[in-house]
Amino acid sequence: MTELPLEHPQGAEALASVAKTYPVVATFLRLVREDTQSDESSTTAPSTPSQRTLLQTLQTEIAAKAAALQVALKIWQTDQGVLCVHLPASAGCEEAPHLALLAHIDTAPDCSGRGVKPQLICNYQGGTIALSSGLRLTTQLCPQLNAHRGDDIIVTDGTTLLGADDKAGCAVMLTLIDRAFAGDLIHGPLSFIFTVDEEIGRSADYVPLAELGADFGVTIDGCAQGELDVATFNAAACTVTFKGRAIHTGSACGKLINAAKLASSFVLQLPENEAPETTAGQDGFYHVYKLTGGVEQAQVHLLLRDFSTDGLKARKTFVENLAAKINRIYPRSVRVEIRDQYVNLAAYLQTRPQILELCRAAYAKAGVTPVEHWVRGGTDGSNLSARGLPCPNIFTGALNCHGPYECLPVGALLASLNCSQALIELTAAAELA
Ligand SMILES: [Zn+2]
54 MTELPLEHPQ
64 GAEALASVAK
74 TYPVVATFLR
84 LVREDTQSDE
94 SSTTAPSTPS
104 QRTLLQTLQT
114 EIAAKAAALQ
124 VALKIWQTDQ
134 GVLCVHLPAS
144 AGCEEAPHLA
154 LLAHIDTAPD
164 CSGRGVKPQL
174 ICNYQGGTIA
184 LSSGLRLTTQ
194 LCPQLNAHRG
204 DDIIVTDGTT
214 LLGADDKAGC
224 AVMLTLIDRA
234 FAGDLIHGPL
244 SFIFTVDEEI
254 GRSADYVPLA
264 ELGADFGVTI
274 DGCAQGELDV
284 ATFNAAACTV
294 TFKGRAIHTG
304 SACGKLINAA
314 KLASSFVLQL
324 PENEAPETTA
334 GQDGFYHVYK
344 LTGGVEQAQV
354 HLLLRDFSTD
364 GLKARKTFVE
374 NLAAKINRIY
384 PRSVRVEIRD
394 QYVNLAAYLQ
404 TRPQILELCR
414 AAYAKAGVTP
424 VEHWVRGGTD
434 GSNLSARGLP
444 CPNIFTGALN
454 CHGPYECLPV
464 GALLASLNCS
474 QALIELTAAA
484 ELA
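Position in the sequence shown (first residue = 1) + 53 = the working numbering.
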């Protein structure tokens, strides 16, 4: 087999030319140049001021455009910084369901989002992409690239993340707002929600659902072209605390209880084939993500994940039984605390099947084959669904999110835009039971 040549980024003109052809790309490039990383250690809302500032700027611009075009809209920023844009229905679509689209403005804390310098691979031919920093983006690392031969691909310079997660989603929403303003989009009551702090798990709580009054929502966030996220894990976090008894080693015989050893024996009794590194598809797991301690005290922090409610319950019971077993040998040495985190959004979508039917029809209208996906994690939609807004997720086309290999095929971004627009148009003509 002959080896494919290295693919190198083109100059800035190539990117400028694509941005000129596609306004959604121009908007995307503008957004990623702003550093809006969220910060888990922060106690403010939003966690970083730059998120509020960028959304404030967008608010001013949208409001000015609406005023110039004499378009009616309601636009406001919440105390936590969430930007809400509500467009009243097009004439004749007033009775249509109220759809809310959501995307998040923050980028992941895992990798710097400061000084993002997007570059363009023109007409990708399937080889390894040489990022300017010297990093190599291979198809082994990202097999999904193979589906994008012939497409233009936006990449980083290898020193930051790209921010396509989720500025691609934000760019799609801003483009749709422009199309609605231009009269190119027939829609029912329609809300666009630009959320903050999604990457640190706080965004869904900040969405003002009661004020919005939407019938259903769709997040436009992450993942490869065609993906339609219809299920997420049920999730709980678990802290197991072990109490030992410290005695001088010289006279410890028969008296010392080593909490660190109890903790490790607990970990070793978790099923080896039910960990994130040994499961895939629809299997749940136990994930030990932190283990600390010494003789006196030790702690095991673990995540419990399962697509079924009964499955999650069984995992909680398993952990409690394991603790009870150790307690029978060393009384009162183990304490288990379990906290529910999020629920599988499929349970909510099943009660309103029309929502996924609309999404499937929107993909078909946009000429995109849907790949229905069970997310091995949570989405904003899991929490929003639990709060009363059933909410599947539409792809943006972004790949390898949260690091320097992040990239965005332009064709996938356009497909995301087309699916989102089709969903709005089909919802305008729909009746929800
Ligand atoms: Zn995201």
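Cβ coordinates follow ideal geometry from the N, Cα and C atoms, glycine included. Note that the structure is a prediction, hence the values are computed from the model and not measured.
Reference residue i; option with closest CA among the options
i: A305; options: T272, V348, A333; result: V348
i: M226; options: H201, N471, R392, E147; result: N471
i: D205; options: D88, V78, S256, G279; result: V78
i: S103; options: E280, E114, D88, Q322; result: D88
i: D210; options: C412, H61, V424, L467; result: H61
i: R86; options: E66, L214, A120; result: L214
i: E327; options: K418, I207, T285, F371; result: F371
i: Q394; options: A439, Y383, Y401, V424; result: A439
i: A80; options: I115, R105, H240; result: Residue identity check: residue 80 is Thr in the sequence provided, not Ala. Considering only alpha carbons, the answer is I115.
i: H157; options: A142, V260, G187, E484; result: V260
i: L136; options: G180, T106, A120; result: T106
i: G464; options: E484, P406, R392, H201; result: H201
i: L466; options: H139, P76, T212, L356; result: P76
i: L321; options: R358, V341, Y177; result: V341
i: E264; options: F448, A69, P99, W129; result: W129
i: S70; options: E410, L173, C164, C146; result: L173
Range covered by the beta strand (DSSP E) that runs through residue i
i: G472; result: First, the amino acid is wrong: residue 472 is Cys here, not Gly. First-last for C472: 463 to 481, but that is the alpha helix (DSSP H), not the beta strand (DSSP E).
i: S244; result: 243 to 248
i: V208; result: 206 to 208
i: G222; result: Here G222 belongs to no beta strand (DSSP E); instead the alpha helix (DSSP H) covers 217 to 234.
i: E280; result: 280 to 285
i: E252; result: Premise fails: E252 is in no beta strand (DSSP E) and is neither H nor E.
i: A439; result: No beta strand (DSSP E) contains A439, which is instead part of the alpha helix (DSSP H) from 433 to 439.
i: T131; result: T131 -> no beta strand (DSSP E), and no H or E assigned at all.
i: D359; result: 350 to 359
Helix, strand or coil at residue i [DSSP, three-state]
i: C137; result: strand
i: L315; result: helix
i: Y498; result: A query on residue 498 cannot be resolved here, the shown segment of the chain reaching from 54 to 486 and no further.
i: Y75; result: coil
i: Q109; result: helix
i: F81; result: helix
i: L452; result: strand
i: R298; result: strand
i: Q403; result: helix
i: F338; result: strand
i: K343; result: strand
i: L155; result: strand
i: T292; result: strand
i: E425; result: strand
i: T160; result: strand
Rounded C-alpha distance that separates residue i from residue j
i: P324; j: Y339; result: 8 Å
i: C175; j: T228; result: 23 Å
i: D159; j: R167; result: 12 Å
i: A117; j: Q109; result: 12 Å
i: A161; j: I300; result: 45 Å
i: G134; j: L57; result: 47 Å
i: I90; j: S185; result: It is Gln, not Ile, that sits at residue 90 in the sequence shown. Each residue's Cα considered, the two are about 22 Å apart.
i: G456; j: Y383; result: 45 Å
i: T97; j: D250; result: 10 Å
i: K308; j: T302; result: 10 Å
i: N446; j: A475; result: 15 Å
i: A414; j: I408; result: 10 Å
i: N397; j: G64; result: 44 Å
i: T331; j: A125; result: 53 Å
i: A377; j: V293; result: 11 Å
i: L111; j: L84; result: 10 Å
i: T280; j: T113; result: According to the sequence displayed, residue 280 carries Glu and not Thr. Using only the alpha carbons, I get a separation of about 33 Å.
i: A221; j: C460; result: 11 Å
i: F319; j: C291; result: 13 Å
Sequence-distant residues of the same chain with beta carbon closer than 7 Å to residue i, five excluded per side
i: A267; result: H151, L152, A153, S244, L442
i: D468; result: With the sequence shown as reference, residue 468 is identified as Ala, and Asp is not the correct amino acid for it. Within the same chain, A468 has close Cβ partners Q278, A419, V421, G450.
i: S256; result: H157, T248, V249, D250, D433
i: A72; result: V78, A79, L82
i: G180; result: L57, P58, L59, E60
i: F234; result: K118, A119, L122, V124
Spatial neighbours of residue i in its chain, beta-carbon cut-off 8 Å, leaving aside the 5 residues before and after
i: T404; result: P443
i: E346; result: Reading off the sequence shown, one finds Gly at residue 346, where the question assumed Glu. These residues qualify, in order along the chain: F295, A312, A313, A316, Q352.
i: S386; result: F295, K296, G297, I310, A312, L315, I379, N380
Beta-carbon contacts of residue i that lie in its chain and below 6 Å, excluding the five residues immediately before and after
i: C454; result: D218, G275
i: R232; result: L238
i: T285; result: N397, L398, V428, G431, T432, S435
i: F269; result: I408, P443
i: Y416; result: P423, C472
i: T131; result: P261
i: E252; result: S91, D159, A161
First and last residue of the uninterrupted alpha helix (DSSP H) at residue i
i: R413; result: 406 to 418
i: T264; result: The amino acid occupying residue 264 in the given sequence is Glu; Thr does not appear at that position. E264 -> alpha helix (DSSP H) spans 262 to 265.
i: D487; result: Within the shown structure, residues of the chain are numbered from 54 to 486, placing residue 487 beyond reach of any answer.
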